[in-house]
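Working notes, beginning with the structure itself.
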Amino acid sequence: DTEVTQTPKHLVMGMTNKKSLKCEQHMGHRAMYWYKQKAKKPPELMFVYSYEKLSINESVPSRFSPECPNSSLLNLHLHALQPEDSALYLCASSQVAMAVTATPLHFGNGTRLTVT
Amino acid sequence: DQQVKQNSPSLSVQEGRISILNCDYTNSMFDYFLWYKKYPAEGPTFLISISSIKDKNEDGRFTVFLNKSAKHLSLHIVPSQPGDSAVYFCAASTDRGSTLGRLYFGRGTQLTVWP
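Each protein sequence line maps, in turn, to chains A and B. Numbering-wise, the first sequence is residues 80 to 195 according to my numbering. Numbering-wise, the second sequence is residues 13 to 127 according to my numbering.
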């Protein structure tokens with residue numbers, strides 16, 4: 080069982096819908112991440128939160144809006160998405176957002192998003 | 013620009029034999045290298061890592077080797093088991109510059125271990 084929990088597992092939404100993806104971890108990690116993965120491609124970083132503050136936004140379109148209400152929760156609010164946004168959205172966490180001293184990223188099982 | 017490259021999209025190995033997965037990188041500032049395993053419909057699972065100050069790290073059946081001069085790392089699985097069949101991603105990161113918290117992934121190698 081993964082220690083990073085993502086809900087829902089599957090989501091189908093129309094282009095005019097508003098939905099949210101949720102992620103939760105209780106490992107005491109202070110860095111949380113959103114990644115997007117298309118079929119047969121590596122995960123692509125979208126956002127990094129470090130100590131509940133947004134530290135990296137990889138030029139993600141504004142129709143994706145992240146939110147970190149507290150150190151255990153990470154949300155991704157979706158609005159007016161396009162069919163090409165259909166992908167697996169992965170949440171991850173790590174002790175801190177540092178490479179050398181950090182523990183590795185722990186990924187959730189993802190939300191499979193389909194935009195119709 | 014792909015800074016981490018896995019040039020073999022697939023690898024097929026017989027059970028009990030050694031599996032060797034390769035990874036090359038271009039950024040000499042990378043400090044930390046990781047391997048992740050991914051089964052279908054699941055998120056990537058951390059497997060093993062190595063710091064740039066080391067050239068080898070071993071954990072059970074899994075060993076990662078790092079050759080900094082060649083900017084190359086490899087994952088050895090001995091002996092290979094059918095349950096090892098998955099996509100393996102190589103990843104790298106650095107604390108330097110503005111890339112804090114960013115992991116660079118390769119495209120992955122599909123390993124199939126047959127009985």
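Backbone N, C-alpha and C define an ideal beta-carbon position, used for all residues, glycine too.
{"Item": "Can you give the Cα-Cα distance for Q161 of chain A and T193 of chain A, rounded to whole angstroms?", "Value": "9 Å"}
{"Item": "Taking only three categories from DSSP, how would you classify D164 of chain A?", "Value": "helix"}
{"Item": "If you drop the 5 nearest sequence neighbours on each side, which residues of the same chain put their C-beta closer than 6 Å to that of Q122 of chain B?", "Value": "S22 and V99"}
{"Item": "Just curious, the beta strand (DSSP E) that S24 of chain B is in, first and last residue?", "Value": "S22 to Q26"}
{"Item": "Considering Cα atoms alone, identify which of B:V25, B:Q14, B:Q18 and B:D43 is closest to I89 of chain B.", "Value": "B:V25"}
{"Item": "Per the DSSP calculation, A104 of chain B is bridged to which residue(s)?", "Value": "B:F45 and B:Y116"}
{"Item": "Check whether the stretch 161-176 of chain A and the stretch 95-109 of chain A touch, using three or more Cβ-Cβ pairs below 8 Å as the test.", "Value": "yes"}
{"Item": "Give the DSSP-derived three-state secondary structure of D71 of chain B in the structure shown.", "Value": "strand"}
{"Item": "For a contact defined as C-beta to C-beta under 9 Å, what are the partners of L157 of chain A on chain B?", "Value": "Those within 9 Å of L157 of chain A in chain B number zero; the least Cβ separation is about 19 Å."}
{"Item": "Would you call L133 of chain A buried or exposed, if buried means 16 or more other Cβ atoms sit within 10 Å of its Cβ?", "Value": "exposed"}
{"Item": "Between P94 of chain B and chain A, is there a C-beta pair that is closer than 7 Å?", "Value": "no"}
{"Item": "Who does C170 of chain A pair with in a DSSP beta bridge?", "Value": "A:W113"}
{"Item": "Is the distance from the Cβ of A103 of chain B to the Cβ of L115 of chain B below 7 Å?", "Value": "yes"}
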